[in-house]
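S.K.: My questions will all concern the structure given below.
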Amino acid sequence: MILLARTTPLEEVKKPTEGLSLFCIDIGDRSKPGLDLRKIKKMGGRAVDANEVFFDNYEISADRLIGEEGKGFRLILHGMNAERCLLAGEALGLGYAALKKASDYARDRVVFQRPIGQNQAIAHPLADAFMKLEAAKLATYHAARLYDQSGTDASGSVRQEEIGVAANSAKYLAAEAAYTACERAVLTHGGMGYAMEYDVERWFRESLVPRIAPISREMILNYIGERVLELPRSY
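Per the UniProt record's numbering, residue 1 is the first one in the sequence shown, and the count goes up by one each step.
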């Protein structure tokens, strides 16, 4: 587990983000007391555990420190942009999978002697979902490219602020596009979209995650409003 913990008292630093250090702890080692994990039951995301974490005088050795002591928050910020790119990619994968399933079903499902995909009420929402996914994919590629360049660009021409705007935008657009595609995949299947047989209900459940984590839609809108549009902070 990657843990961000305060190593300098709050009253001894100028800003709350200072004096925080990053550690890598072994959650499999239960020989040391003070760490308790309680699994959270979820409606999706079965491949990855989610847990409530409780610390009670848990001791961490100095060799578990990542980077420089007191500079952990800066490391976390750097990783947040990569995390947003990652979640955007995951969202796109869900959206494209759901859209393919829906398109296949719309071609194969025949009602009143014609495939349901021949009806514009079926075809147009799927076409719209495809274009939204494609636009979000380009935004994600742009954000990932900027993030990669920042690691090799010694001139500093790629600013962290620019990466943050691109990564947040990509995550937002990909999450919304995936949710739209997954919802329309369920609706294309009609009543069978609610059945587990076609997988679209599972993808729809999974598509909620990128809209919530690692940052909510509303916080991204706040970020863009403040950092790009220079609007006053609302909270």
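We put the CB at the ideal spot given by N, CA and C, even for glycine.
Every value quoted in this text rests on a predicted model; they were computed, and no experiment measured them.
(1) By the three-class DSSP mapping on this structure, what secondary structure does V228 have?
(2) Should the segment 77-94 be called in touch with the segment 167-177, which here means at least 3 C-beta pairs below 8 Å?
(3) Taking only the alpha-carbon atoms, compute the straight-line gap between Q160 and S150 and give it to the nearest angstrom.
(4) Taking the alpha carbon of F55 as the reference point, which residue from D49, A181, K41, G34 has its own alpha carbon closest?
(5) At the level of alpha carbons, what is the spacing between G72 and T8?
(6) Per DSSP, what are the beta-bridge partners of C24 in this structure?
(7) Determine the direct distance from the alpha carbon of D108 to that of G67, and round the result to whole angstroms.
(8) Would you kindly work out how many angstroms separate the C-alpha atoms of T43 and L229, rounded to a whole number?
(9) Among the candidates L3, C182, S21, D128, whose CA atom is the shortest distance from the CA of V209?
(10) How would you write the range of the alpha helix (DSSP H) that E83 sits in, first residue to last?
(11) Under 8 Å, do T140 and L92 count as touching if we go by C-beta distance?
(12) Is the CB-CB distance between A213 and L94 below 8 Å?
(13) Determine the extent of the alpha helix (DSSP H) in which D128 is found, giving its start and end residues.
(14) I'd like the span of the alpha helix (DSSP H) that includes residue 240, first residue to last.
(15) Do T180 and A129 have their beta-carbon atoms positioned less than 8 Å apart in this structure?
M.R.: Per the coordinate set shown:
(1) coil
(2) yes
(3) 8 Å
(4) G34
(5) 12 Å
(6) I2
(7) 56 Å
(8) Note that residue 43 is Met in the sequence shown, not Thr. Roughly 37 Å between the two C-alpha positions.
(9) C182
(10) 72-108
(11) yes
(12) no
(13) 120-152
(14) Because residue 240 is not part of the residues shown, which for the chain are 1 to 235, the question remains open.
(15) yes
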